[in-house]
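In the working numbering, the protein residues as written are 1 to 263. From the three backbone atoms N, C-alpha and C, an ideal C-beta is built for every residue, glycine too. Take a look at the structure set out below.
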Amino acid sequence: MHPMLNTAIKAARRAGTIISRASLDLQHLSVARKGPKDYVTEVDRAAEEAIIEVLSEAYPDHGFIGEETGERPPLEPAGEGTPEYQWVIDPLDGTTNFIHGFPCYAISIALMHRGQAAHAVIFDTNRNEMFTASRGGGAFLNDRRIRVSGQTRYHDALIGAHVPDSGAGVKPTSPFADMLAECAAVRRVGATVLDLAYVAAGRLDGFCAVNLQPWDLAAGTLLVTEAGGLVGDFEGEQTWKETGNVIAASPKIFIQMLSHLQD
């Protein structure tokens, strides 16, 4: 395993300890609102700081992009401009789940090398599941190689979704309504990084989402592609990094999802 990936795993476990301890005393949790249906706790911030501390100690010339603290320059800048290496961190994806005691949330850490994801870690603290990937090296769950689903029929597919809704479900006017109505079932986990990890592991056959952020996507999309899946925007192109609109799935399901959207 690459040393940088090992360090990311160490950082994820450090943050996981903070999150797991806090989950035992949720009634004393301090919760703030960042926006409509968007929450943050002191646990999010403490976990992010713990991750950055571990990573910056090992790699002081690396930069950081964190959900809670934004972009940070390296402790020891190697020059002007964007650092060659940047860590993209979501310390607690699924905060709403976390504050309700709903056990679907995870830590996401990705290392970007010149803008491309090189290593990825997604850690589900509740299940002690450590998803990892390195570019060109495959995707793993707790050291076991994982692959995307072998499902070939969209009508039999289980799909994850992070799309606009009416509170009771996907809006009938949504471009996703017909597509999601045609699959076997839809799951809304409430933690995008877990959705993507589950696509990589074959637990979900596909996933679609709108308006995601870099920290939602950086680690999970590398996991999917290294597990043999495809990632693209709603036209099958690669603008998802800029738009946050994404489809991730096994190759045959990916093509059928695109076809449904375009129809």
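Legend entry - V163 beta carbon less than 8 angstroms from that of A197: Residue 197 sits at position 197 when you count from the first residue of the sequence shown. Residue 163 sits at position 163 when you count from the first residue of the sequence shown. No, the pair does not count as a contact, with Cβ atoms beyond the cut-off.
Inset, instruction - On a CA-only basis, which of L111, M257, L230 is nearest A181? Give me that one, please. - result: Within the sequence shown, residue 181 is the residue found at index 181, counting from 1. With distances taken between Cα atoms, A181 lies closest to M257.
Legend entry - Straight-line Cα distance separating I107 from I18: Translated into positions along the sequence shown, residue 18 becomes position 18. Translated into positions along the sequence shown, residue 107 becomes position 107. Near 11 angstroms, if we compare the C-alpha coordinates of I107 and I18.
Inset, instruction - Return the CA-CA distance between F140 and E80, expressed in angstroms with no decimal places. - result: Counted from its first residue, the sequence shown places residue 140 at position 140. Counted from its first residue, the sequence shown places residue 80 at position 80. So the two alpha carbons sit approximately 36 angstroms from each other.
Inset, instruction - Just the C-alpha distance for E57 and G220, rounded to the nearest angstrom, thanks. - result: On the sequence shown, position 57 is the one that residue 57 refers to. On the sequence shown, position 220 is the one that residue 220 refers to. Answer to the nearest angstrom: the Cα atoms are 25 angstroms apart.
Legend entry - Burial state of A201, where buried means 16 or more other Cβ atoms lie within 10 Å: As a working mapping, residue 201 is identified with position 201 in the sequence shown. Buried, because 16 or more other Cβ atoms sit within 10 Å of the Cβ of A201.
Inset, instruction - For the segment 246–262 and the segment 95–109, state whether three or more C-beta atom pairs, one from each stretch, are separated by less than 8 angstroms. - result: no
Legend entry - Beta bridge counterpart(s) of I247 as assigned by DSSP: On the sequence shown, residue 247 is found 247 positions in, with the first residue counted as 1. DSSP output for I247 lists C208, G232 as bridge partner(s).
Legend entry - Beta-carbon gap between H119 and Y85 smaller than 8 angstroms: Against the sequence shown, residue 119 aligns to sequence position 119. Against the sequence shown, residue 85 aligns to sequence position 85. The beta carbons of H119 and Y85 sit no closer together than 8 angstroms.
Legend entry - Contacting residues, own chain, Cβ-Cβ under 7 angstroms from V186 (five flanking each side not counted): Within the sequence shown, the letter at position 186 stands for residue 186. I159, A161, L180.
Legend entry - For Q256, the three-state DSSP class (helix, strand or coil): Against the sequence shown, residue 256 aligns to sequence position 256. Q256: helix per DSSP, three-state reduction.
Legend entry - C-alpha gap between A191 and D93, whole angstroms: Here residue 191 is taken as the residue at index 191 of the sequence shown, counted from 1. Here residue 93 is taken as the residue at index 93 of the sequence shown, counted from 1. Straight-line Cα distance between these residues: approximately 5 angstroms.
Inset, instruction - Measure the C-alpha to C-alpha separation of E242 and F234 and round it to an integer number of angstroms. - result: Here residue 242 refers to the residue found at position 242 when the sequence shown is read from its first residue. Here residue 234 refers to the residue found at position 234 when the sequence shown is read from its first residue. Counting only the Cα atoms, F234 lies some 13 angstroms from E242.
Legend entry - Those runs of the beta strand (DSSP E) which lie wholly inside the segment 101–178 and span at least 3 residues: List check, beta strand (DSSP E) in window: 106–113, 116–124, 129–134, 138–141, 158–162.
Legend entry - Beta-carbon gap between Q268 and G236 smaller than 8 angstroms: No answer is possible for residue 268: the residues shown for the chain start at 1 and end at 263.
Legend entry - Within 8 angstroms, strictly: CB atoms of M4 and L75: Taking the sequence shown and counting its residues from 1, the one referred to as residue 4 is at position 4. Taking the sequence shown and counting its residues from 1, the one referred to as residue 75 is at position 75. Contact flag unset, no.
Inset, instruction - Name the two residues that bound the continuous beta strand (DSSP E) containing P214. - result: Numbered from its first residue, the sequence shown carries residue 214 at position 214. Counting along the chain, no beta strand (DSSP E) covers P214; the unbroken alpha helix (DSSP H) around it starts and ends at 214–226.
Legend entry - Status (buried if at least 16 other CB within 10 Å, exposed otherwise) for L24: As a first step, residue 24 must be located in the sequence shown, where it is residue number 24. Per the 10 Å Cβ criterion, exposed.
Inset, instruction - Give the DSSP bridge partners of E182, in chain order. - result: Position 182 of the sequence shown, counting from 1, holds the residue named residue 182. Answer is none; E182 lacks a bridge partner.
Inset, instruction - Quick one: using the 10 Å Cβ neighbour count with 16 as the cut-off for buried, is G115 buried or exposed? - result: Working through the sequence shown from its first residue, we reach residue 115 at position 115. Under this definition G115 is an exposed residue.
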